[in-house]
Amino acid sequence: MINPGKKLQREAKRQVGKIKKLIKPKTKKAGLAPGTLVYTGEKSEQPIKISVIDYLGENFEEKEVKSVEETFSLQKTDSKSWINIDGIHHIETIEKIGDRFDIHPLVLEDILHTTQRPKLEDYEKHIFIVLRMFIYNEELHEIKNEQVSLILGKHYLLTFQEDIGDVFDSVRERLRKGGPKIRNGGVDYLAYALMDAIVDSYFHILEKVGEDIEEIEDRLVVNPEKDDLKKVHRLRRDLILLRKSVWPLREVLSQMQRNEAGLINKSTEIYLRDVYDHTIQVIDTIESYRDMVVGMLDVYLSSLSNKMNEVMKVLTIIATVFIPLTFFAGVYGMNFENFPELHWKWMYPWGFWIFTLIAIGLMLWLFKRKKWM
Amino acid sequence: MINPGKKLQREAKRQVGKIKKLIKPKTKKAGLAPGTLVYTGEKSEQPIKISVIDYLGENFEEKEVKSVEETFSLQKTDSKSWINIDGIHHIETIEKIGDRFDIHPLVLEDILHTTQRPKLEDYEKHIFIVLRMFIYNEELHEIKNEQVSLILGKHYLLTFQEDIGDVFDSVRERLRKGGPKIRNGGVDYLAYALMDAIVDSYFHILEKVGEDIEEIEDRLVVNPEKDDLKKVHRLRRDLILLRKSVWPLREVLSQMQRNEAGLINKSTEIYLRDVYDHTIQVIDTIESYRDMVVGMLDVYLSSLSNKMNEVMKVLTIIATVFIPLTFFAGVYGMNFENFPELHWKWMYPWGFWIFTLIAIGLMLWLFKRKKWM
Amino acid sequence: MINPGKKLQREAKRQVGKIKKLIKPKTKKAGLAPGTLVYTGEKSEQPIKISVIDYLGENFEEKEVKSVEETFSLQKTDSKSWINIDGIHHIETIEKIGDRFDIHPLVLEDILHTTQRPKLEDYEKHIFIVLRMFIYNEELHEIKNEQVSLILGKHYLLTFQEDIGDVFDSVRERLRKGGPKIRNGGVDYLAYALMDAIVDSYFHILEKVGEDIEEIEDRLVVNPEKDDLKKVHRLRRDLILLRKSVWPLREVLSQMQRNEAGLINKSTEIYLRDVYDHTIQVIDTIESYRDMVVGMLDVYLSSLSNKMNEVMKVLTIIATVFIPLTFFAGVYGMNFENFPELHWKWMYPWGFWIFTLIAIGLMLWLFKRKKWM
Amino acid sequence: MINPGKKLQREAKRQVGKIKKLIKPKTKKAGLAPGTLVYTGEKSEQPIKISVIDYLGENFEEKEVKSVEETFSLQKTDSKSWINIDGIHHIETIEKIGDRFDIHPLVLEDILHTTQRPKLEDYEKHIFIVLRMFIYNEELHEIKNEQVSLILGKHYLLTFQEDIGDVFDSVRERLRKGGPKIRNGGVDYLAYALMDAIVDSYFHILEKVGEDIEEIEDRLVVNPEKDDLKKVHRLRRDLILLRKSVWPLREVLSQMQRNEAGLINKSTEIYLRDVYDHTIQVIDTIESYRDMVVGMLDVYLSSLSNKMNEVMKVLTIIATVFIPLTFFAGVYGMNFENFPELHWKWMYPWGFWIFTLIAIGLMLWLFKRKKWM
Amino acid sequence: MINPGKKLQREAKRQVGKIKKLIKPKTKKAGLAPGTLVYTGEKSEQPIKISVIDYLGENFEEKEVKSVEETFSLQKTDSKSWINIDGIHHIETIEKIGDRFDIHPLVLEDILHTTQRPKLEDYEKHIFIVLRMFIYNEELHEIKNEQVSLILGKHYLLTFQEDIGDVFDSVRERLRKGGPKIRNGGVDYLAYALMDAIVDSYFHILEKVGEDIEEIEDRLVVNPEKDDLKKVHRLRRDLILLRKSVWPLREVLSQMQRNEAGLINKSTEIYLRDVYDHTIQVIDTIESYRDMVVGMLDVYLSSLSNKMNEVMKVLTIIATVFIPLTFFAGVYGMNFENFPELHWKWMYPWGFWIFTLIAIGLMLWLFKRKKWM
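Protein chains in written order, with my numbering: chain A, 5 to 377; chain B, 5 to 377; chain C, 5 to 377; chain D, 5 to 377; chain E, 5 to 377.
Following this line, the structure appears as structure tokens:
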């Protein structure tokens with residue numbers, strides 16, 4: 005039982021380590037003018053990867069470009085373009101895009117500070133959306149937590165991610181295969197599809213958390229170990245952090261549905277309502293899990309008390325039975341000169357042992373009656 | 005006392021096992037296009053059962069049909085039709101219905117993902133309502149938890165259930181007997197009647213939970229056992245999940261009362277207000293139960309402490325009485341050459357025992373005064 | 005101290021037994037058509053008692069009638085009539101009244117299901133109000149909890165109670181004596197007077213609860229007993245249930261003040277504001293009491309820990325003093341042949357006892373310094 | 005350390021005794037007609053003291069009158085009059101005032117029932133305000149808790165207090181000295197000044213509570229005593245009650261600012277906003293204190309557990325060291341005939357003691373490693 | 005491990021000492037007329053330092069002035085002036101400024117009472133804003149908590165600070181360097197920049213708190229010490245107080261965005277939204293930290309119970325093994341004349357020791373099975 009436990013623990017540690025980032029506040033920036041671009045994530049050596057998907061009805065083109073300038077021509081065409089930037093540590097690239105797409109410096113700043121809570125900001129020409137994406141890597145048993153920023157314009161959708169690798173492959177596949185809804189829908193529908201993929205990935209994480217809860221819960225009832233407390237505590241913390249990531253998403257989605265900027269088509273609203281529903285479901289589940297985890301702590305504490313009670317009972321039974329007997333044995337070990345009992349013939353073999361057995365029997369009967377045994 | 009306890013526990017386990025489904029998030033879907041129909045419940049071999057009740061004033065017809073196409077003709081008539089589908093694992097059937105009744109793909113998707121929270125969605129031609137139904141099987145001591153989806157149109161009401169068996173028999177009976185209100189009312193009244201039946205079934209479940217609470221509460225005060233903790237914990241969890249199922253229903257019902265789609269008749273509103281009231285009552289009761297269950301955990305912990313105190317007192321009394329005496333017995337068992345007391349004539353029979361009895365008496369008096377005995 | 009404690013406990017038990025009814029959900033009804041009249045309270049053999057008070061300025065008549073038909077003539081007159089029905093198990097009578105006064109079947113149903121939460125429903129011809137009444141019987145030390153239903157029309161006020169006996173005697177007295185406000189006011193003022201009497205009775209109950217809290221609180225601080233925990237737990241539960249009864253009353257009263265049906269006179273509104281204030285005061289007090297009771301549980305737990313600490317200290321002091329000494333006594337009881345100390349002349353009378361006394365003194369001094377004694 | 009502790013405790017007791025009144029519900033009234041005047045406070049032999057301050061620009065008159073009739077003439081003048089009544093047990097006086105100033109009977113009733121929560125009621129001719137005043141008596145270390153009722157008319161301000169002695173002396177002084185704002189302001193400004201004085205007195209009480217919290221907090225961390233628990237519990241209760249007194253004041257002040265009756269001048273509004281701010285600050289502080297006090301209970305419980313742990317460790321160390329040794333001593337005290345060790349020459353002086361010392365050393369080393377010592 | 009721990013503790017103490025000021029209510033003022041200027045902070049000997057930054061497009065002037073009168077001329081020019089006053093204990097200076105800039109006496113009072121919660125008050129000619137600034141002094145490991153008051157007029161911005169030293173150096177630097185946004189923006193943009201600097205400093209404090217939480221959390225899981233409890237308690241208290249400082253800031257910022265006074269330019273609103281977002285992030289983080297700290301207390305308590313359990317097990321194992329054996333040794337130390345076993349030849353060397361070893365072995369096996377070892 006040690007091995008899988010250890011593994012699980014190691015795994016939990018890694019998971020926590022990744023989620024922790026969520027609460028690290030952005031401090032590198034303090035003291036700079038607003039709109040000054042500084043990347044607050046971990047420095048990466050990786051080159052930026054820019055991939056473009058351009059589509060309009062039957063036309064579909066997917067390519068990877070070297071420099072961001074190559075994408076600028078797309079802005080003028082009527083076709084819908086999804087420009088995805090993996091890696092935001094290359095500040096000049098971000099600045100060039102900001103310049104070209106007329107993005108407010110504060111928005112660029114938010115894209116680079118990768119500890120934002122989900123939010124939506126409505127600019128005239130585009131909507132800026134921040135989301136948090138969780139990727140569960142099955143091989144490494146690791147959860148990666150990334151900020152995804154979306155700039156949704158009339159004909160283009162820009163997405164910024166911290167690293168290569170995301171939960172959008174299914175969306176790309178649908179685009180390639182030419183799913184009618186996604187091809188004919190606007191970029192707002194594409195944005196919806198990405199958000200839907202992200203919310204779906206939350207369900208995946210929750211399923212993992214749910215499995216952990218079930219596993220620990222079963223153990224707590226039978227035989228709680230010290231490690232279980234740590235795990236419960238970690239679950240609690242993870243749920244606090246998950247909640248912090250998901251809760252504001254609700255507001256983001258209802259803002260989108262209100263659709264004040266006019267960038268969301270009527271037909272997409274119904275789909276947004278659907279993601280909204282899923283988000284509520286995620287929040288609901290998180291809250292239920294939190295309630296359960298709090299309850300588990302009570303169960304753990306009670307189990308500890310129960311165990312202590314059991315230990316104490318054993319001690320008390322042994323002590324209560326043998327301490328008085330030891331006294332009697334001690335009495336007959338005294339060396340008084342005038343000690344009549346010592347000379348009675350049947351005192352030892354019968355008198356002493358019978359008395360002892362009766363005493364023991366009586367005690368045990370009493371303990372039984374008190375339900376200690 | 006072991007047998008009924010075991011039975012209760014087994015029973016509780018089964019119950020939990022069924023309710024648990026509520027929180028399992030839908031993961032099979034992740035990555036598919038929205039509106040792709042995938043059934044996420046347990047695969048079933050059962051054929052789909054489609055039953056139709058068609059009525060208008062005096063006319064009443066009830067039949068079971070083989071294929072869904074047979075029901076399509078009903079749509080054109082003025083009579084009111086209730087088409088109930090038991091079993092939703094047969095995706096083509098669902099798709100055909102969706103096609104014919106012009107149901108949005110997202111709605112069909114929600115019908116198939118059987119872990120929805122209660123909700124109401126207003127489409128132009130119909131209202132889509134999701135409810136959760138709890139069926140208590142008296143024979144198996146089992147609670148089944150199912151998703152019931154309603155499509156309420158102008159002249160028709162579609163209901164989708166996961167399995168055969170529901171809480172609607174009383175409604176069917178009233179239809180058959182020709183109750184004036186239900187016959188002359190629209191399908192909106194019929195929908196109300198079904199919702200009322202579901203809310204009534206919650207009261208039934210709550211009654212069972214209430215009995216459990218009362219039983220455990222009485223035991224906790226007298227002599228709490230380790231199993232009781234588990235039961236309290238389970239009750240707590242069940243209430244968390246029940247609350248999750250019932251809470252959103254309030255919103256559903258008040259949305260229906262606001263009646264924006266015009267599919268709800270004025271005369272039905274008063275009945276909806278009644279179900280709304282019942283729902284509030286259910287929620288109220290759940291909250292009170294939750295408060296009580298939390299209080300029970302405190303009582304359990306205190307009872308444990310109390311028991312420990314009792315055990316410790318016994319140990320302390322025994323040890324405090326006999327340990328010093330054992331020391332004195334030990335003293336007179338020492339082998340010093342020059343040991344005057346050993347040679348005093350009445351030292352043993354009187355001196356020693358009188359001293360011992362006085363010491364014991366004194367101790368007991370002290371314990372009495374401290375209220376330890 | 006046993007006798008009064010026992011009495012109090014018995015009393016508390018009875019009290020709880022009565023209040024419990026509040027949370028029993030209505031299950032007898034499940035499956036019936038809405039508006040089907042079934043009485044869910046305890047079956048009673050008592051006949052229904054119908055009493056009528058009819059008044060208009062100087063005219064005042066009070067009588068008890070045999071059958072409900074006798075009251076129907078009053079409806080046509082301009083005089084104000086208060087028809088009070090004690091006992092609602094006679095369904096035909098209720099149906100006749102319903103018929104005559106044009107009461108919606110759902111209202112009749114609610115009158116009979118005596119576990120309603122307070123509510124107000126506005127029908128065109130009358131307002132339907134449900135209240136919960138608590139009667140403290142001084143002789144039996146018992147609290148009765150009843151549902152009171154009011155139908156407030158233009159010229160009549162119907163009240164339905166489960167049993168004979170209520171808190172309205174003071175109102176009747178004022179009517180008889182011809183208090184100017186009550187005689188000249190409409191039936192809405194009468195309804196107010198009844199509601200005021202009910203809210204006043206809550207203060208009475210709260211006073212009893214407050215006395216209990218004070219009594220237990222004092223005891224908890226000095227010497228908590230096992231029974232006190234049960235009492236605290238019961239207080240907590242009672243407060244949960246009281247809150248459930250009173251909380252919705254606030255909404256009822258503010259609905260009445262909004263006076264949408266036009267059945268409430270302007271001059272009565274100021275009085276309703278007064279009852280509303282009292283209700284807020286009741287709720288406030290309940291919340292404060294709940295906070296206090298929760299705090300008491302913490303105090304109880306801490307007191308238990310404190311007591312355990314004390315017990316453990318005694319054990320530890322005794323054991324720590326005598327166990328080492330017993331070892332030394334044991335040492336000199338060993339039978340080694342070569343045992344020089346045994347032959348030293350003053351070893352026993354002086355050496356041994358002086359060492360013992362010094363050891364004890366040292367230990368006690370240490371315990372003193374650690375503040376264990 | 006005993007003396008100051010005792011004193012503090014006595015003091016705390018007195019304090020609690022006074023605050024308790026706040027939650028005693030009004031029961032003397034039950035059953036009487038609304039507006040029947042009954043004084044529910046403690047019966048007092050003191051005569052009523054009526055003092056009048058009349059001012060208009062340069063004119064200022066302050067006098068004490070014998071009978072209430074003397075004040076009636078003031079009503080007709082344009083000058084601003086503050087009529088303060090200390091002592092409300094003399095019902096006729098109150099009735100006469102009510103008559104003359106046209107005060108609604110329900111208001112008079114509220115003035116006499118001295119357990120009202122703060123509230124504001126808007127009558128056409130005047131505003132009725134209830135406040136709670138806390139007076140800390142430095143000499144007696146006592147907190148007095150009184151209800152202050154204000155009737156604010158166009159030219160007059162009536163104040164009713166339960167006892168002689170209040171926190172308004174600074175306001176009187178300003179009036180006498182002819183502070184320009186207070187002399188030229190209307191009676192609404194005067195009412196504001198009184199309310200400001202009351203809110204300021206809350207800060208004073210909170211400062212005392214804060215000192216208590218700091219004192220106990222420091223002690224809890226170092227060496228918690230049993231009395232500290234009681235004090236923490238009392239602080240908690242006091243804060244519950246303080247909150248109950250202050251919370252509704254917020255609403256009162258914002259109602260005044262909305263100024264619907266037209267009795268509040270525009271220029272006073274800014275001052276009301278200031279008191280409002282202070283009230284929020286008071287509530288904030290109360291909430292923070294409550295959070296802290298709850299945290300202190302956790303600390304207390306943990307400290308108890310810590311202490312118990314320490315005691316248990318001492319017991320365990322002693323027992324673990326000496327019980328096995330006692331066994332060995334017992335072994336060599338056995339009387340077997342064939343007992344070779346007893347005859348070995350150096351067994352006792354060296355063998356036995358060296359073994360003993362090694363055993364003790366080993367044990368202590370183990371405990372050290374386990375960090376028990 | 006002692007040294008760094010001690011240091012951390014000392015550091016924490018200092019931190020707490022500084023933050024505590026936040027909750028000290030203002031009492032010096034009680035009883036004075038509103039608007040009477042009394043400084044409630046610590047009396048300082050320092051002279052007041054007045055620094056002026058005057059700028060308009062290309063023009064930039066920064067100077068320090070001796071008397072406040074020197075700044076009055078700036079009011080007439082079109083250039084934007086930031087007048088910063090460090091030290092508010094010199095009341096005449098404050099009064100002169102108040103006079104000249106037409107500041108309401110209540111505002112001046114609030115500036116001097118340095119325990120205000122953040123707020124915004126809208127006067128016709130200017131907006132009054134109160135903020136709380138936290139400065140972390142890296143050298144002294146100290147947090148200073150100061151009130152910063154802003155008066156934002158059309159062309160001027162007055163800032164009042166308690167002491168020399170603030171978090172505004174970066175803003176000054178940007179002004180000097182001539183950052184285009186800050187130079188061309190109005191004083192409202194300047195006010196925004198200062199608020200942004202303050203909110204950024206909160207992130208810095210939170211980072212320190214986060215480090216503390218992480219450090220303690222790790223230790224709690226491994227080997228909790230008594231001091232850790234104190235630290236957890238202090239963290240909890242600090243978070244309560246931080247929350248009290250930051251929470252109202254949200255309201256302040258949304259009031260500014262609503263921009264009713266017309267003193268905030270449209271172009272600044274977007275920046276205010278940005279600070280608003282950061283404030284929400286700060287509050288979010290504080291809440292998550294609070295949740296975590298509460299969880300840590302549970303972990304601490306459980307760890308204590310665990311440790312106690314371990315101690316008890318050792319005691320029980322030792323006692324259970326040796327107490328019965330001691331009894332047997334005692335038995336064979338009895339001096340009965342007729343004691344056959346004593347004369348059996350192999351009884352001692354084999355019989356006794358084999359029995360003893362078997363008994364010990366059996367016990368250990370039992371403990372193993374119970375998982376106590």
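The beta-carbon is built from N, C-alpha and C at its ideal position, and this holds for glycine as well.
Looking at C-alpha atoms only, which residue of E/176, E/364, E/136 and E/141 is the closest neighbour of residue 254 of chain E? For the purposes of this step, residue 254 of chain E is identified with residue 250 of the fifth sequence, where counting begins at 1. The shortest C-alpha separation from residue 254 of chain E is found at E/136.
Residue of E/69, E/94, E/53 and E/100 minimising C-alpha distance to residue 42 of chain E: Indexing the fifth sequence from 1 puts residue 42 of chain E at position 38. The shortest C-alpha separation from residue 42 of chain E is found at E/94.
In the stretch 107–173 of chain C, which residue ranges form an unbroken alpha helix (DSSP H) of at least 4 residues, counting only runs that do not cross its ends? Counting only runs of 4 or more, we get 109–116.
What is the C-beta distance between residue 154 of chain E and residue 256 of chain E, in whole angstroms, given that I count them as a contact (C-beta under 8 Å)? Taking the fifth sequence and counting its residues from 1, one reaches residue 154 of chain E at position 150. Taking the fifth sequence and counting its residues from 1, one reaches residue 256 of chain E at position 252. About 10 Å; that fails the 8 Å criterion.
Please list the partners that residue 344 of chain B has in chain C, where partner means a Cβ-to-Cβ separation under 9 Å. Taking the second sequence and counting its residues from 1, the one referred to as residue 344 of chain B is at position 340. Those are 352 and 353, listed as they occur along chain C.
If you drop the 5 nearest sequence neighbours on each side, which residues of the same chain put their C-beta closer than 6 Å to that of residue 286 of chain D? The count along the fourth sequence starts at 1 and reaches residue 286 of chain D at position 282. So the qualifying residues of the chain are 206 and 250.
So, does the stretch 356–371 of chain B touch the stretch 352–366 of chain A, judging by three or more C-beta pairs under 8 Å? Counting Cβ pairs under 8 Å, fewer than three are found: no touch.
Could you name the residues of the stretch 226–238 of chain D whose beta carbon sits closer than 8 Å to any beta carbon of chain C, in the order they occur along the chain? Cβ contacts with chain C: 227, 230, 233, 234 and 237.
Residue 88 of chain C burial status per 10 Å Cβ neighbour count (16 or more: buried): Mapped onto the third sequence, residue 88 of chain C falls at position 84. Counting the other Cβ atoms within 10 Å of the Cβ of residue 88 of chain C gives 16 or more, which makes it buried.
So which residues of chain E does residue 77 of chain D contact, with C-beta pairs closer than 7 Å? Position 73 of the fourth sequence holds residue 77 of chain D. Contact annotation for residue 77 of chain D against chain E: no contact, minimum CB-CB distance about 30 Å [criterion: below 7 Å].
Can you pull the chain D residues whose beta carbon is under 8 Å from the beta carbon of residue 330 of chain E, in chain order? In the fifth sequence, residue 330 of chain E corresponds to position 326, counting from 1. Within chain D, the residues placing a beta-carbon under 8 Å from that of residue 330 of chain E are 327, 330, 331 and 334, ordered along the chain.
Listed in chain order, which residues of the stretch 298–310 of chain C have Cβ atoms closer than 8 Å to some Cβ of chain B? Listed in sequence order: 301, 304, 305, 308 and 309.
Taking the alpha helix (DSSP H) that residue 356 of chain C falls in, what are its first and last residues? Reading the third sequence from its first residue, position 352 is the one you call residue 356 of chain C. No alpha helix (DSSP H) contains residue 356 of chain C, which DSSP labels as neither H nor E.
Near residue 151 of chain C, which residues of its chain fall below 7 Å by C-beta distance, leaving aside the five closest residues on each side in sequence? Working through the third sequence from its first residue, we reach residue 151 of chain C at position 147. So the list reads 118, 120, 134, 136 and 166, once near-sequence residues are dropped.
Chain E beta carbons: is any one of them nearer than 9 Å to that of residue 363 of chain D? Within the fourth sequence, the letter at position 359 stands for residue 363 of chain D. Chain E, which has no Cβ nearer than 9 Å to the Cβ of residue 363 of chain D, makes this no.
Neighbour-count burial assignment, residue 168 of chain B, 16 or more Cβ in a 10 Å radius: In the second sequence, the residue the question calls residue 168 of chain B occupies position 164. It is exposed - the Cβ of residue 168 of chain B has fewer than 16 other Cβ atoms within 10 Å.
What residue range is occupied by the uninterrupted alpha helix (DSSP H) comprising residue 105 of chain E? As a first step, residue 105 of chain E must be located in the fifth sequence, where it is residue number 101. It spans 95–105 - the alpha helix (DSSP H) in which residue 105 of chain E sits, taken as one unbroken run.
Would you decide whether residue 310 of chain A is buried or exposed? Buried here means 16 or more other CB atoms lie within 10 Å of its CB. Indexing the first sequence from 1 puts residue 310 of chain A at position 306. So residue 310 of chain A counts as buried.
Cβ of residue 19 of chain C within 9 Å of any chain D Cβ: Residue numbering aside, residue 19 of chain C sits at position 15 when the third sequence is read from its first letter. Any reading at residue 19 of chain C must be qualified, since the residue scores a pLDDT of 39, below 50, and its modelled position is unreliable; the value itself is stated next. No, residue 19 of chain C does not count as interfacial toward chain D.
Flag residue 195 of chain D as yes if its beta-carbon sits less than 9 Å from any beta-carbon of chain E, otherwise no. Residue 195 of chain D sits at position 191 when you count from the first residue of the fourth sequence. With respect to chain E, the C-beta atom of residue 195 of chain D has no partner C-beta closer than 9 Å.
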